[in-house]
Amino acid sequence: MFALFLVILFIVLIVIGTPIAFSIGIVSLIGISNIANIPNLVVPMKMFYGLNSFVLLAVPLFILTANLMNEGNITKKLIDLSNALVGHVKGGLAHSNILVSMIFAGVSGSSTADTAGVGKILIPSMIESGYDKETAVGVTAASSTIGGIIPPSIVMVIYGGLTNASISKLFLGGMIPGILIGLGMMFVVGIMAKKKDFPRYEKTDAKTKIKLIRESIPALLTPMIIIGGVVTGWYTATEAAAFSSVYAFLVGMFYYKTIKLKSIPRILEETLKLSSLSLFALATASALGELLGYYRVGSYVQGFFMNTVSSPIGFLAIVVLFFLFVGTFMDAIPAMILFVPIILPAATLLGISNVHLGIIIVITLSIGLVTPPYGLCLLIAASIGELGVERSFKAVLPYISIILMVLVLIIVFPQIVLI
Amino acid sequence: MKKAIDLLERIQKYIGIAFLSIFIVVVIIQIIARYLEISVLWTEEIAVFSFIWAVFMGASIMVRKEAHFSFDFLKSKLSGIKKHILDIIINVLMLGFTLYMLVYGKEIMITFWNYNWYSLPDFKMGYVWAVIPLTGMLMSIYIIEHIVNNIIQMRGGK
Amino acid sequence: GCGNKTATDNTDNTQPEGVADPIKIVAAHNQTNTDSPYQTGLLEFEKVAEANGVFDVEVHAGTIGTSEAELVEKLKLGAADVVLVSPGFMTKTGIKEIDLFSLLYLFDSYDHWEKVVDGDVGKAMSDIIYNKSNGEFKVLGYWTAAVRHYYGKTPLNSIEDVKGLKIRTQTSGAVSEYWTSLGAIPTAVAWGELYQGLQQGIVDAAENAYPYLVPMEHHKTTNGKYLTETGHDYTTRLLLVNAKKFDKMTDDQKAELMKAAEASVDAERTAIYNEEESYKQQLIDDGGVVNEIDRTPFIEAAIPLQDKIAKELGLEELLQAIRDAK
Ligand code: NA
Ligand code: NA
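As they're listed, the protein sequences go chains A, B and C.
Okay, so the first sequence: first residue is 1 according to the working numbering, each after it adds one.
Okay, so the second sequence: first residue is 1001 according to the working numbering, each after it adds one.
Okay, so the third sequence: first residue is 2001 according to the working numbering, each after it adds one.
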């Protein structure tokens, strides 16, 4: 009865517009205060312990890297290079858009930073070159979902923080699905290019190509340094994040000379603000996790799943449907914070590895980035392209089907992600 | 009044940026030390505790800016007095939570003040716990400012 | 007192009149794995404590905290009543004396360890913890997290082989000091990242017990393949109760709780001794390589450090008593 009251309270708080982090905190507080003998002090205490984890440091560090890259023109260099490489084929700019998102994904852990950074440049230039708005907005929004799938990935770091799954293993596991999704999207562009007769760029001559490649080397090295470093074990995920931000800073400051020393405090401030939003929500969600712990919700959910589905594939299919639904109106990070701790024990009992579960949840939630009502990448791309949300959403549907196909593949063949 | 609170926010911003910088530097030191084969075991604790300070500082600045993740479909449908009333309700609810952070955070801070750090036993845990009551207090100030502003605007008939 | 005795001894299915509801006990450890010996131990505690209807025990396997520091703090706040912690984390509470049990090569064998912790030394340490915590923590019994060995990219054949190795160890003072004194470089790597760390060479070696390293598959990595049975740490874990709550209980209730604690000690130790055997076998079956080594030089290197730290802690007598128990 009291549990029902808490659920209703939570929904009311969210609907009237109370910030999510505070809604979670208020519900946790009232819930804990209702349990005899358990002091309310555990709520602020748990907020502290929710953040007391070295791997979470990667979140602000990757956001800082993305900010430094956009500030330091690294993003622009990557776009120029992709255009030179694939711009001359039919639908070249669309292919280039996907390619640059895959490279960007290898540097930044954030999809929305990709939509904003790449979209600002490529959407106008695609429309100018004769693409319809749907294609420009659709391909930009859809391809930037790869940002959180190809490592590094902020969402994966948060998942690791919630489940104790190895961040390195999650990163490695995201690689192949991310590349498959990218290639699949290029395939979709290929088909549409024939149908809609997409324009092509003039072929870039070899000399210019070489010049562009030479100029982009420091930028291209960034994903290699990060992914390579984590894979070869030069450093852990958190250290890679710190290293990449220092690297992006040095390249922007001394090589491209586009970062000014006086803009550093502003970049740090933006990083601080943006990262504290999800991390403060993580803190209060830890208190909610504590409440669920005292109420033993985990074992109830577990019991429910044990009685209804017994096969891992059936279970994972339900997980995908559930997060597809949740992802339409929630951001990936709060969605995981709320529901992963509940789902994890049941998955463990069914013998599903937490890395496999994590990759599936991360990819499913990335679809939520391009579905209305709450899909940040879609909203950002739509507003840059000045296209209505509904038409934009129709434009991303073919690409979503690719992501879904990859999801089915991973569910059936876990080996793909368990490297 | 606004000026004083602006100043408070600015100070807090600099504290947050300072802690963000500290943990970046410390993580870098950790990588370098490992390659120079020097044993440093205190980096992780300093990095994590600075990180916690930075996050709480950032989160309270975002309270002042009213920028925390929230759903605004109800708010966007309302205007005038109704919108102000809704804003006040939300802020009062938040204030309940932040005052609670202040009061109980202070109790935790005092209770565990003398617990020491693991890698640096001379450092007290109290320094770290202090961030919770401090944040609770600052967030409460910002929220009260929002409530007051809403009331003033309502009186002005906006 | 006496009045309650007849009541609690009466163990019919129906509770006799005048007996209060069972006392709620929140018991917690930090391992999320529900097959762990900790869970076995606490479930036995629950079973025995509930048998006569005196207690209602709720066991949490990591659900109210996966950090030992957090569990100790919850014990102090009363948010948990019985928790399991390692000596290293107890030092955070300002009770430095407990670090004596973290010293390497303090114990020779499980027999030696049991004799010490179940004897006068264990009693003395539990008094120290009670007094130094101002009557907040009481030791209910001593558990173990098995015996720790070296494992790395090469087997150890002599003490010289340790020199220059980057080894992932616990970061508590005494432990890292010992490895440094042997010429190794203690390195901080989070437990969850250690598999990759060993696979990719962030560290050359690590040290832990079979029931912990084998489930994490560290023995399948490049730098974790060779295990040398250094046996440097017969680990101690403390089963603590919130002493304020304990002191309020009647003598009969206390006796019931102690009975449950004793049963849990037996169950946990038996579980871990068995697990140690089976995990060792699994490691060998998986292609890991185990060798034994003459521990004498390692022990000799540990003695001056033991003396130094016991002196700093003012526990020379206890150290001597531990050595005499060999
Ligand atoms: Na990425
Ligand atoms: Na893109």
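Cβ coordinates follow ideal geometry from the N, Cα and C atoms, glycine included.
6 Å CB neighbourhood of residue i in its chain, flanking five on each side removed
i: L2165 of chain C; result: A2184, D2204 and A2205
i: V2116 of chain C; result: I2322 and A2325
i: G130 of chain A; result: P199
i: M126 of chain A; result: L93 and A136
i: K2153 of chain C; result: D2204 and N2223
i: D1087 of chain B; result: N1150
Interface residues of chain B facing residue i [CB-CB closer than 8 Å]
i: T2180 of chain C; result: S1039
i: G2094 of chain C; result: N1114, Y1115 and N1116
i: T2187 of chain C; result: R1034 and S1039
i: N67 of chain A; result: Going along chain B, no residue has its Cβ under 8 Å from N67 of chain A, so there is no contact; the nearest lies around 12 Å.
i: T18 of chain A; result: S1070, I1090, L1093 and M1094
i: K2086 of chain C; result: Strictly speaking, residue 2086 of chain C in this sequence is Ser, with Lys absent from that position. What S2086 of chain C touches in chain B: nothing, since even the nearest Cβ is about 11 Å away.
i: E239 of chain A; result: V1027, Q1030 and I1031
i: K273 of chain A; result: G1058, I1061, M1062, K1065 and A1067
First and last residue of the uninterrupted alpha helix (DSSP H) at residue i
i: H2112 of chain C; result: Y2110 to V2117
i: H95 of chain A; result: G92 to A105
i: N83 of chain A; result: I74 to V86
i: I20 of chain A; result: I20 to S33
i: N354 of chain A; result: N354 to I367
Option nearest residue i by Cα separation, candidates the options
i: V297 of chain A; options: A:I267, A:P345, A:F325 and A:V118; result: A:P345
i: I2023 of chain C; options: A:N37, A:K196 and A:I154; result: A:N37
i: Q2039 of chain C; options: C:A2051, C:A2061, C:D2056 and C:W2143; result: C:A2061
i: D2108 of chain C; options: C:I2303, C:I2159 and C:E2207; result: C:I2303
i: Q2200 of chain C; options: A:I318, A:L122 and A:S168; result: A:S168
i: N2134 of chain C; options: C:K2225, C:N2052, C:P2186 and C:K2076; result: C:K2076
i: K2308 of chain C; options: C:G2288, C:Y2178 and C:D2127; result: C:Y2178
i: A281 of chain A; options: A:I333, A:K262 and A:E270; result: A:I333
i: T2091 of chain C; options: C:R2269, C:M2249, C:Q2253 and C:E2068; result: C:E2068
i: S110 of chain A; options: A:G91, A:S143, A:I360 and A:K90; result: A:S143
i: F1023 of chain B; options: A:L57, A:A287, A:L277 and A:Y247; result: A:L57
Contacts of residue i in chain C (Cβ-Cβ under 7 Å)
i: M45 of chain A; result: E2073
i: G293 of chain A; result: H2060, T2063 and I2064
Burial state of residue i (16 or more Cβ within 10 Å)
i: A1004 of chain B; result: exposed
i: M336 of chain A; result: buried
i: V2085 of chain C; result: buried
i: P152 of chain A; result: buried
i: K46 of chain A; result: buried
i: L261 of chain A; result: exposed
i: I1085 of chain B; result: exposed
i: I259 of chain A; result: buried
i: I217 of chain A; result: exposed
i: Q2320 of chain C; result: exposed
i: D2252 of chain C; result: buried
i: S299 of chain A; result: exposed
i: G2314 of chain C; result: exposed
i: L1074 of chain B; result: exposed
Neighbourhood of residue i by C-beta distance below 8 Å, restricted to the same chain and skipping five residues each side
i: I367 of chain A; result: T145, L324, G327, I400, I403 and L404
i: G1016 of chain B; result: W1053, A1054, M1057, G1058 and I1061
i: K2074 of chain C; result: A2028, I2064, G2065, A2080 and V2083
Contacts that residue i makes with chain A (C-beta to C-beta distance below 7 Å)
i: G2224 of chain C; result: Within 7 Å Cβ-Cβ: nothing; G2224 of chain C doesn't reach chain A, min ~13 Å.
i: Q1012 of chain B; result: Correct list: empty, because the minimum Cβ distance to chain A is about 10 Å.
Range of the contiguous beta strand (DSSP E) that encloses residue i
i: Y2226 of chain C; result: Y2226 to Y2234
i: D2056 of chain C; result: F2055 to A2061
i: N2208 of chain C; result: A2205 to N2208
i: T2137 of chain C; result: Looking at the sequence provided, one finds Phe at residue 2137 of chain C rather than Thr. Counting along the chain, the beta strand (DSSP E) containing F2137 of chain C begins and ends at F2137 to W2143.
i: Y991 of chain B; result: One cannot answer for residue 991 of chain B here, as it falls past the ends of chain B, which runs 1001 to 1158.
i: N2242 of chain C; result: R2237 to N2242
i: K2187 of chain C; result: First, the amino acid is wrong: residue 2187 of chain C is Thr here, not Lys. Unbroken beta strand (DSSP E) run through T2187 of chain C: I2185 to T2187.
i: I38 of chain A; result: Element bounds for I38 of chain A: n/a, residue is neither H nor E.
i: K2166 of chain C; result: K2166 to R2168
i: V2083 of chain C; result: V2082 to V2085
Chain B contact residues for residue i, given Cβ-Cβ distances below 7 Å
i: Y235 of chain A; result: I1031
i: N52 of chain A; result: V1048 and I1052
Proximal residues of chain A, C-beta to C-beta of residue i below 8 Å
i: E1145 of chain B; result: The contacting residues do not exist; E1145 of chain B stays about 16 Å from chain A at best.
Nonlocal neighbours in the same chain, by C-beta distance under 7 Å from residue i, ignoring five residues either side
i: D2286 of chain C; result: H2219 and K2220
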